[in-house]
Structure formats: structure tokens, C-alpha cells
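Enquirer: One structure, as C-alpha cells, below. Some questions next.
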Amino acid sequence: MAAHVIQTDPAGTVAALADVLVARAADAVQQRGVCHIALSGGSTPEQLYRLLASTEWSVRFQWPAIQLWLGDERCVPADHAESNYRMVQSSLIDRMGSNAPPLHRVRTELGAEAAAVDYQRRLLAHLPASQHIPRFDIILLGLGMDGHTASLFPDTAVLHERERLVSAVASPQLARARITFTYPLINAGRAVYFLVTGAEKAPVVAQLLGPSAINTRFPAAHIAPAGELCWYLDQPAASELPS
Ligand code: 6PG
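Numbering (numbering that gives the first Met the number 0), first residue to last: 0 to 242.
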């Protein structure tokens, strides 16, 4: 079973993850002078981002040496209710004032395909690449009930992408196009952390982390970074795991 940390509730889970983020960010800055973090979208991480922006926690990060990116984005304007950029702006950036680090926005106004090409170009310009793939210091991921992560959705072509680092995703199951990190980029990460809370995620968590062998149909099952991988779960999300 993959490494995982289970806490009683979402507050305890995000605090445990925040603790590790402090340590990993400090290591990255000490070793390379910079820490590149890819943030997950959706609703779960908002509580984490608000915690990181709080006075108690914000002082534990060397924000001038940190660069923030988005692991995926919906193809909507930056001020749209579904924008991950807007969610991170409101839950983290806007709460930090002048201490706020750069948050690299996906230029969705270019259209999904061009925005993906643009984001990949910018990533390659900013991050040191080993074997032509930039290595993020930290990648945060969420999990959908269908086993998707980032915008790697079941039955989409992006699951088979092995060259591009950032791709556009279109699917009848999606209300709108998306832009996402691909498996090559995510799996090059030095540290990849899933943050999953809530009882509604328990069945998919059990199929991904439990002993059953049917998990390979879930996109999240193919997240296998060369670096660290750990799942941060609250008890409701972990409630169907074998004890
Ligand atoms: C997104 C996310 C996506 C998310 C899961 C879980 O843009 O929606 O990147 O992968 O992490 O869908 O979303 P919730 O946290 O809202 O359950």
C-alpha cells in the first residue's frame, strides 16, 4: 500500500500536509535556491491554502524563493467561478499581501491547445530539467470519485501522452476543456502529495490504496513518481481501507 497519513478530520489532514510542505520547501531552497510547487485545484485544497496563508504558518516558508504553478486549469477566464487560478488567488495569494509568491496563471484566453503549449514553454524556461523534463519540488494532487487526478480523466487521450508535459483535455464528460500536467511531468516530481478528504472519496481511495487489483483503471493509479509519493487522508476518506 502506498505511503499514507490518516488524520481525524480535514483540519488535521491539511496541518499534517502543511508540516511536510514546510520541510520539503526548505530543503529545495537550501539545495537549489528555489522551490517550484504545482498546486491542485478543485475544492479540497482551499482549506490547505488558507492555512498556508495564515500568520502562524506563512512565516514558516521562504516565500521569496517559492514559485507557484497550477497542475491543471479549467479553460475559463481567470475571474470565473470555476477557475483554479481564482480559487488559489482568493484562498492563498490575496491573504498574503506583499509576501505573496508568483502564481503562474494558465493563459486560458489563448484557447486550450495554445494555453497548454504556452504553459509548457514557460515551465521549461523556469525549471531546471533533468533529461528534458522539469522536476517540480512539490506537486499537490486531488482525487475525483472517478479516480481522476489533475485533469487526467478516465478514457481521455491525455492518459497516453508520453512526450508533452502539459496538454489540453477535451471530453464529453467535461463541461469545458481543461489544461493539465501529463504523467511524464507529474511522475518527474521530487515529491507528490495527494490530499483527499470526505466519505464520498472512500470507495475510490480503497480501490486505489487497498489490496484489490482493479485500481489500474483509475488514472490516479498511474501516478508513480521517481521521488516521494504520499497520500494525506482524513478518516472518512480512509474509512474503507483495510485496518
Ligand atoms: C480540478 C482538480 C481535480 C480535483 C478533483 C477533486 O481542477 O478539479 O485538479 O483533479 O483535484 O476533481 O476535486 P474536489 O477537491 O473538489 O473534490
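Backbone N, C-alpha and C fix where the C-beta goes; we use that ideal spot for every residue, glycine too.
Quick check: does the Cβ of G205 come within less than 7 Å of any heavy atom belonging to the ligand 6PG?
Expert: Just to set this straight, residue 205 is Ala in the shown sequence, not Gly. The answer is no for A205.
Enquirer: Could you compute how far the alpha carbon of A99 sits from the alpha carbon of P9?
Expert: One C-alpha to the other measures close to 24 Å.
Enquirer: Using three-state DSSP, classify V195 as helix, strand or coil.
Expert: It is a strand residue.
Enquirer: Considering only the beta carbon of each residue, do A1 and L208 sit closer than 8 Å?
Expert: Contact: yes.
Enquirer: Should the segment 221 to 232 be called in touch with the segment 191 to 201, which here means at least 3 C-beta pairs below 8 Å?
Expert: A contact exists between the segment 221 to 232 and the segment 191 to 201.
Enquirer: Under 8 Å: do the segment 91 to 111 and the segment 137 to 148 share three or more Cβ pairs, one atom per stretch?
Expert: These segments do not touch.
Enquirer: Mind checking Q119: buried by the 16 CB within 10 Å criterion, or exposed?
Expert: So Q119 ends up on the buried side.
Enquirer: When the Cα atoms are used, what is the spatial distance from L158 to L91?
Expert: The straight-line gap from Cα to Cα measures roughly 30 Å.
Enquirer: Using 10 angstroms around the beta-carbon of Q206, count the other beta-carbons present and answer buried if the total reaches 16, otherwise exposed.
Expert: Q206 should be labelled buried.
Enquirer: In the DSSP assignment, what residue or residues form a beta bridge with S166?
Expert: Beta-bridge pairing links S166 to T179.
Enquirer: Using a Cβ-based criterion (distance less than 7 Å to any ligand heavy atom), does A149 qualify as near the ligand 6PG?
Expert: Under cutoff, so the answer is yes.
Enquirer: Below 6 Å CB to CB, which residues in the same chain sit around I36 once its five sequence neighbours on both sides are set aside?
Expert: Only L67, I137 meet the Cβ criterion.
Enquirer: Out of Q88, S242, L140, which has the shortest C-alpha to C-alpha gap to V13?
Expert: Minimum Cα distance to V13 is reached at L140.
Enquirer: Check whether the Cβ atoms of R177 and C74 sit closer than 8 Å, and answer yes or no.
Expert: Yes, they are a contact pair.
Enquirer: With a threshold of 8 Å on Cβ separation, who are the neighbours of G70 within its own chain once the five nearest residues in sequence on each side are excluded?
Expert: Same-chain partners within the cutoff: A37, L38, S39, G40, I138, L139, L140, A149, T179, F180, I185.
Enquirer: Which class does R134 belong to by DSSP, given the choice of helix, strand or coil?
Expert: R134: coil per DSSP, three-state reduction.
Enquirer: Would the beta-carbon of N186 be found less than 7 Å away from any heavy atom of the ligand 6PG?
Expert: No, the ligand 6PG has no heavy atom inside 7 Å of this Cβ.
Enquirer: At a cut-off of 7 Å, is T43 close to the ligand 6PG when judged by its beta-carbon and the heavy atoms of the ligand?
Expert: Yes, the Cβ of T43 comes within 7 Å of a heavy atom of the ligand 6PG.
Enquirer: Within the continuous alpha helix (DSSP H) that includes S109, where are the two ends?
Expert: A small fix is needed here, since residue 109 is Leu in this sequence, not Ser. Taken as a continuous stretch (DSSP letters only), L109 belongs to no alpha helix (DSSP H), as it is neither H nor E.
Enquirer: Which class does H147 belong to by DSSP, given the choice of helix, strand or coil?
Expert: Note: H147 maps to coil in three-state DSSP.
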